[in-house]
Structure formats: structure tokens, C-alpha cells
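All remarks here apply to the structure that follows.
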Amino acid sequence: NSSYISTISDEKFVDNQDNYCICPYDKCHRVLRIRFATHLARCEENYPSIQLARCPFDITHRMPKEDLKEHIESCNARRNFDCHEFPEKLTKCLPVVECDENWDVDPPVSSYNPQAYCEQNMIMRTINGVSKSKRQAFRESERQRLKKFDN
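Residue numbers for the sequence shown follow UniProt numbering, beginning at 1 and rising by one.
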């Protein structure tokens, strides 16, 4: 049953020529494809005399500077970037519709005042942040106010 399950990690260590890349700095270096970018960064530091150009589409593509333009034209990784090109023409914008209303001017109606509404209707209010005697006095005045609505 364990032979039925194969993982990607098992497949990448199979001795297959496609899984390996040859280092452009030292042809003796044969590196796994998944470790190739890390290897190139280290190898570049070890061989400062070798100046190779980097492909703008794939960091693992290195070549002599004189071959860079030709490589850019034929790079396989370029299609990933070309598919994201946008058309140069902008879509035609709709004209701005003028409006007679001016939302910056206050409305002719007065705004809502919740305190005044509560005082004029049968709504029980509470008071916070005052002393005990002031709370008791407020509750008594509320009882008197609410009795007016009962009649």
C-alpha cells in the first residue's frame, strides 16, 4: 500500500537527467533543479570574475551579456509576463452628469435631537457619572415627568 502513494519529494530525488541543471559558473556543478536558484546565488559569490547577465523573467537563467537580448526574445518564462499585458487603449469614460442637488448645504429641516425627543416622550432615562444624591434627585424628577404622561 505504501508503494501506491508517491509524493513529489520522492519523485524529485529520482536519478533523472531532467531533475538536474548544470551551473553556468562551473560546468562541473550538477545541481537539483529545486536547489538551483540557491546554488546560483552562492556560486556567483565564489566566482566574481565571471560576469553573467540575468534574465528578467527567470532568475535561474544566466548567460553572457552579449547573448541577453537574444535570450529575452526566446525565453520560455516570458509567456508568464506576456499574458499580463494590458491593451494600451483606455476605455471610453462616461461623461459626468451634472446634478441640481448640492449635498454640502444643510437640509432645511432641523436635525434629530435625541435628548429633546426623550424629554417629550414617555421614555425612561438614566444618568451616569454623578454622585448618589444627584442620581436620586434625577430619578425623582423622572418619576414626576413620566407621571404627566400617565394622565
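Where is the CB? At the ideal position from N, CA and C, for every residue including glycine.
Bear in mind that the values here come from a model prediction, so they are computed numbers and not experimental data.
Spatial distance of residue i from residue j (CA atoms)
i	j	result
residue 136	residue 109	37 Å
residue 79	residue 54	17 Å
residue 45	residue 18	26 Å
residue 24	residue 58	14 Å
residue 113	residue 122	16 Å
residue 48	residue 37	17 Å
residue 142	residue 96	55 Å
residue 134	residue 144	15 Å
residue 104	residue 92	30 Å
residue 40	residue 29	10 Å
residue 60	residue 67	15 Å
residue 102	residue 117	29 Å
Nearest to residue i (by Cα), restricted to the options the options
i	options	result
residue 43	27, 34 and 120	27
residue 115	50, 125 and 99	125
residue 149	140, 62, 120 and 99	120
Where residue i falls, given that 16 or more other Cβ within 10 Å makes a residue buried
i	result
residue 146	exposed
residue 94	exposed
residue 32	exposed
Sequence-distant residues of its chain with Cβ nearer than 7 Å to residue i (five each side left out)
i	result
residue 21	31, 33 and 36
Own chain residues within Cβ distance below 8 Å of residue i, not counting five before or after
i	result
residue 130	138
residue 72	55, 56, 57 and 78
Any non-hydrogen atom of the ligand NAP within 6 Å of residue i CB
i	result
residue 38	Among the ligands in the structure shown, none appear at all, so the ligand NAP cannot be discussed.
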